[in-house]
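> Line by line, the protein sequences give chains F and C. So the first sequence is numbered by the working numbering: it starts at 3 and just counts up by one. So the second sequence is numbered by the working numbering: it starts at 3 and just counts up by one. Positions of the beta carbon are idealized from the N, C-alpha and C atoms, including for glycine. This structure is a prediction, so every number in the text was calculated from the model and none was measured. I'd like to ask some things about the structure below.
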Amino acid sequence: MGRPKNLSFSLIAAIIGLMVAIQFQTVKEPEVRDTRDTWQLREDLMKEKELQSRLLLEIRSNEEKLTKYETERQQSKEEVLRETLAELKVEAGLEEMKGPGISLSIEPAFNLIVEGDNPPSVSPDLLKRLLNELNMYGAKHISVDGERVINTTVIRDINRVTKINNHSLNRFPIEVKVIAENRDTAEKLYNRMKISAVADDFFIDNLEVKVNQPVGDLVVPAYQDTIRIRYMESATSGKGGGNG
Amino acid sequence: MWLPIMGLIIGAIIGLLTDIRIPDEYANYLSIAILAALDTLFGGIRAQLQNIYDEKVFVSGFFFNIILAASLAFLGVHLGVDLYLAAVFAFGVRLFQNIAVIRRIMLTKWSTTSKRQKKN
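Below is the structure:
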């Protein structure tokens, strides 16, 4: 056999070997028959059961850990802080509120408007007076035309347009939603607003205030913007604090 | 003599180590191709022993047979006829014949060498 002959022979033999190997791997595993007898089966079953119980144990311990962490979290200072934060958010008006209350709608009194008059507008003073009145009679959360009224809310006249929290009040009807403490206060609020003198003041400005019946679940939206705090600083530890 | 066997072993090892697999649908084609390749290989060995070996015939026969067998199987699948059986039959018969011839040649060679040794 010459050398090149041998070489091509071996190359082709290698290709055949490769093909055979691939075929073997593809068709491989001539189905393994189960030849275990009862005792072997039992043994295997035992093994599997042990594995199962071990896994169950593991799951249980993990769950225990989870509950432990949960209780720890609940009892920790962090949770207290979290709660306080939530309370403060509600108080500051950063959360949407839902509860019993009444809604007032301010509309132009068309029968009083003489043709050629300027269209009526709510003046800031009037609105402030209304809000004061509402607060006096037990309102808890108020929104004016979808704008939440919070402690730092400004109501002012900018270029003859009344603005509340930078929101212009130039579309009627303006809806004022008021949430009271509970159903009874809502009722009281309703009655008081019915006879309130504020409505007369609005009337002078050609506006009509309609007080709607109290409803059970009035929704007052959250304050949209961020609250800017300009003159407050965080207390240094040791000096500040409630009891310190 | 040993180099082709080495080649065979190396090819098999490479195939087993690389863990290449072909889809099940193509396993048929590969088996036919292997049969064709084996047929060519044994034909080559026989030709070598009969001193009528031609490298070109061998190499071209190898690839041509493989392709022919695979395409025959392919055609069979698409015609709904088990045409690959024809290839199996043809290659099988030739394989046996080749091996028988190789065996006879080997036997005669072996007997002549042993006679010579006896003479010596």
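Any chance you could list the beta strand (DSSP E) runs of at least 3 consecutive residues sitting entirely within the stretch 6 to 53 of chain C, in chain order?
Counting whole runs of 3 or more residues, the stretch 6 to 53 of chain C contains no beta strand (DSSP E) stretch at all.
> Run the CB neighbour count on Pro2/F, radius 10 Å, all protein chains shown included, and call it buried at 16 or more, exposed below.
Examination of residue 2/F is not possible in this model, given that chain F is present from 3 through 246 alone.
> How is the beta strand (DSSP E) around Leu85/C delimited, first residue to last?
On the second sequence, residue 85/C is found 83 positions in, with the first residue counted as 1. Where Leu85/C is concerned, there is no enclosing beta strand (DSSP E), given that its DSSP letter is neither H nor E.
> Going along the chain, which residues of the stretch 5 to 27 of chain F sit with their C-beta nearer than 8 angstroms to a C-beta in chain C?
Result list: Pro6, Lys7, Asn8, Leu9, Ser10, Phe11, Ser12, Leu13, Ile14, Ala15, Ala16, Ile17, Ile18, Gly19, Leu20, Met21, Val22, Ala23, Ile24, Gln25, Phe26, Gln27.
> Where does the unbroken beta strand (DSSP E) through Ala182/F begin, and where does it stop?
Taking the first sequence and counting its residues from 1, the one referred to as residue 182/F is at position 180. Here the beta strand (DSSP E) through Ala182/F covers 176 to 182.
> Please report whether the beta-carbon of Val61/C lies at a distance below 9 angstroms from any beta-carbon of chain F.
Stepping through the second sequence from its first residue, residue 61/C is reached at position 59. True, the Cβ-Cβ gap to chain F drops below 9 angstroms.
> Which residues in chain F sit within 8 angstroms of Gly17/C, going by Cβ to Cβ distance?
In the second sequence, residue 17/C corresponds to position 15, counting from 1. Ordered by position in chain F, the residues that pass the 8 angstroms Cβ test against Gly17/C are Gly19, Leu20, Met21, Val22, Ala23, Ile24, Phe26, Gln27.
> By the three-class DSSP mapping on this structure, what secondary structure does Asp203/F have?
What you label residue 203/F is simply residue 201 of the first sequence in a count that begins at 1. Of the three classes helix, strand and coil, the one that applies to Asp203/F here is helix, per DSSP.
> Out of His169/F, Ala199/F, Lys79/F, point me to the one whose CA is closest to Leu136/F's CA.
Mapped onto the first sequence, residue 136/F falls at position 134. The candidate whose alpha carbon is nearest that of Leu136/F is Ala199/F.
> Near Glu86/F, what residues of its chain come up, given a Cβ to Cβ distance below 8 angstroms and the 5 sequence neighbours on each side ignored?
Taking the first sequence and counting its residues from 1, one reaches residue 86/F at position 84. Before going on, a small fix: residue 86/F reads as Thr here, not Glu. Here the set comprises nothing.
> Name the one or two DSSP bridge partners that Lys212/F has.
In the first sequence, residue 212/F corresponds to position 210, counting from 1. Note: Lys212/F sits in a beta bridge opposite Ser107/F.
> Roughly how many whole angstroms lie between the Cα atoms of Leu191/F and Leu220/F?
Start at 1 with the first residue of the first sequence, and residue 191/F comes out as number 189. Start at 1 with the first residue of the first sequence, and residue 220/F comes out as number 218. Near 14 angstroms, if we compare the C-alpha coordinates of Leu220/F and Leu191/F.
> Pull the bridge partners of Met99/F from the DSSP assignment, please.
Indexing the first sequence from 1 puts residue 99/F at position 97. For Met99/F, which the question treats as bridged, DSSP gives the partners Val222/F.
> Roughly how many whole angstroms lie between the Cα atoms of Ser107/F and Arg84/F?
Taking the first residue of the first sequence as 1, we reach residue 107/F at position 105. Taking the first residue of the first sequence as 1, we reach residue 84/F at position 82. Cα-Cα distance, rounded: 37 angstroms.
> Between Ser145/F, Tyr233/F, Glu80/F, which lies nearest to Ala224/F when the distance is taken from Cα to Cα?
By 1-based counting over the first sequence, the position of residue 224/F is 222. Ranking Ser145/F, Tyr233/F, Glu80/F by Cα distance to Ala224/F puts Ser145/F first.
> Are the CB atoms of Val156/F and His143/F within a distance shorter than 9 angstroms?
The residue you call residue 143/F lines up with position 141 of the first sequence. The residue you call residue 156/F lines up with position 154 of the first sequence. No.
> Check this for me: beta carbons of Ala111/F and Glu177/F, under 9 angstroms apart or not?
As a first step, residue 111/F must be located in the first sequence, where it is residue number 109. As a first step, residue 177/F must be located in the first sequence, where it is residue number 175. No, the Cβ-Cβ distance between Ala111/F and Glu177/F is not below 9 angstroms.
> Report back the beta-carbon spacing between Ala71/C and Ala35/C to the nearest angstrom; my notes put them in contact at under 8 angstroms.
Here the question's residue 71/C lines up with position 69 in the second sequence. Here the question's residue 35/C lines up with position 33 in the second sequence. 6 angstroms between Cβ atoms; contact.
> When you compare each of Thr40/F, Glu109/F, Ala94/F to Asp207/F by their alpha carbons, which one comes out closest?
In the first sequence, the residue the question calls residue 207/F occupies position 205. Asp207/F has its Cα closest to that of Glu109/F, out of Thr40/F, Glu109/F, Ala94/F.
> If you follow the alpha helix (DSSP H) that Lys79/F is in, where does it begin and where does it stop?
For the purposes of this step, residue 79/F is taken as residue 77 along the first sequence, with counting starting at 1. Per DSSP, Lys79/F belongs to the alpha helix (DSSP H) from 79 to 94.
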